[in-house]
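Per this note's numbering: the sequence shown = residues 612 to 928.
Even glycine gets a Cβ: it sits at the ideal position worked out from N, Cα and C.
On a predicted model such as this, the values are computed, not experimentally measured, just so you know.
Read through the structure below, which is laid out as structure tokens, and then see the notes.
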Amino acid sequence: MLDHVSSYSYSMHHHRRSGEQPAAPSSAACELAAVDDVPVNGSSHKPGKAVTASVYRAKIAGHSRVVTVSWSRDLLSHAFSVSISGADGAAAECRVDVRPWQFWRRAGSRRVELGGGASTAPAAVRVLWDLRRARFGGGAPEPRGGYFVALEAAGEVVLVQGDMRRDALRRAAPCAAADAEAVPVARREHVFGRRRFAAKARFQEQGDVHDIAIECGGAGEEEDVEMSIAIDGEEAVQVKHLQWKFRGNQSVTFSRAKVEVYWDVHDWLFSAGTRPALFIFRPIVLSSASAPAGMMLDGTVAATAGFCLYLYAWKLD
């Protein structure tokens, strides 16, 4: 896959819609989330495999770290992994496969060592999980509820994913929640289809779930290729002559929310469908703070929220 950090920075300035001044998704959160090609548990993604990944920034043993919680699903099992990395090269990973007949793996804990740092001493971290009441459905790899996955280091619970936070803290006792818990910076998902790609996703980690529908097609001639993106049933983006506008961005407003939408469908059109298109949804927060830059008509100030949703759309034959 393309290096989307560098290619997007270039393409936003060379493939823009008429009259627009696109702002490339260059925030630290977006760049952080696009550095890798959403590897799943250390390996390249395979088309047709359901995958989600949530990326957090956390303070672990006194240092800022990137924590990625990934979920995957195949015909026989679900799996999740927690990977930790840092700018100093320190890294650790824990992977758990949950198969229907292995009930003992539905709850447990595992210690891993965060080592390899050039200037930091190794640190022990503990991954705890409870999936005994987890509710899966709709082909999604990640549970809808009834679970937790937690991360504890240096006597603090720095991250809890899932809706069973109290259970996680009880399980981690005597460790208590960290004063500064992990901050979500990105979410990445893969969707599949032929002409239509549907996803239910949040533009913020704890925000509302939105229905996203992407359609791409035409009458068989390149000049007629079009694409539309709808959010909660309302068309937000429409692109005609897609072969000339295969990269671009547009600000959309819906339900009192403002989101910057970026797309890169180059690989759909010119790689015979062997690579996915990339869609980025970057929420914009409207505040009443006064500042000269970014002033809106109503006197509010627009600022990026520091969170990005990435959708990788794979075309199936």
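Helix, strand or coil: how does DSSP classify residue i here?
i      : result
TRP879 : helix
LEU739 : strand
LEU780 : helix
PHE691 : strand
PHE814 : coil
ARG806 : coil
PHE714 : helix
LEU605 : Residue 605 lies beyond the residue range present for the chain, which begins at 612 and ends at 928; the question has no answer from this structure.
GLN632 : With a pLDDT of 37 at GLN632, under the threshold of 50, the modelled position of this residue cannot be trusted; read the value that follows with caution. In this structure, GLN632 counts as coil in the three-state DSSP scheme.
LYS856 : coil
ASP708 : strand
GLY822 : Here residue 822 is Asp; the residue named in the question, Gly, does not match the sequence. DSSP places ASP822 in strand when its eight states are reduced to three.
GLY773 : strand
Thinking C-alpha only, which one of the options is nearest residue i?
i      : options                           : result
ASP886 : GLN861, GLY804 and ALA924         : Going by the sequence as given, residue 886 is Arg instead of Asp. Nearest option by C-alpha distance: ALA924.
GLY828 : GLY818, ILE842, ARG807 and ASP819 : ARG807
VAL836 : ALA847, ILE823, TRP855 and VAL820 : TRP855
ALA669 : PHE881, ASN860 and VAL736         : VAL736
VAL662 : TRP874, SER720 and ALA812         : ALA812
TRP682 : PHE714, GLU800 and PHE892         : GLU800
ALA698 : GLY727, GLY719 and GLN772         : GLY727
GLY773 : ALA765, GLY859 and ASP741         : ASP741
ARG805 : ALA672, ASP928, ALA793 and VAL666 : ASP928
ASP685 : SER665, GLY756, GLY749 and ALA810 : GLY749
ARG722 : TRP879, LEU853, ALA810 and GLY766 : GLY766
Which partner residues of residue i appear in the DSSP bridge assignment?
i      : result
MET838 : CYS827 and VAL850
PHE892 : VAL872 and LEU920
GLY749 : Beta-bridge pairing links GLY749 to no other residue.
ARG798 : SER665 and LEU920
LEU725 : ALA734
GLY756 : ARG746
Leaving out five residues on either side along the sequence, give the residues of the same chain with a beta carbon under 6 Å from the beta carbon of residue i.
i      : result
PHE747 : PRO754
ILE972 : Residue 972 cannot be examined here, being either before or after the span of the chain that is shown, 612 to 928.
GLU763 : ARG737, ALA783 and CYS786
ARG716 : VAL709
GLN849 : SER839
GLN861 : VAL848 and VAL872
ALA779 : PHE759, ALA761 and VAL771
GLY757 : ARG744, ALA745 and ARG746
If you draw a straight line from the alpha carbon of residue i to that of residue j, how long is it in whole angstroms?
i      : j      : result
ARG743 : LYS851 : 48 Å
THR731 : ARG798 : 28 Å
HIS674 : LEU920 : 25 Å
ASP708 : GLY818 : 28 Å
ILE840 : ALA751 : 21 Å
PHE934 : ARG781 : This structure cannot settle anything about residue 934, because the visible part of the chain is limited to 612 through 928.
GLU792 : VAL768 : 8 Å
Looking only at its chain, what residues have a beta carbon closer than 8 Å to the beta carbon of residue i, apart from the 5 residues adjacent to it on each side?
i      : result
ASP843 : HIS821, ASP822, PHE865 and SER866
Any C-beta of chain B sitting closer than 9 Å to the C-beta of residue i?
i      : result
PRO894 : Looking for chain B here will not work: only one protein chain is present.
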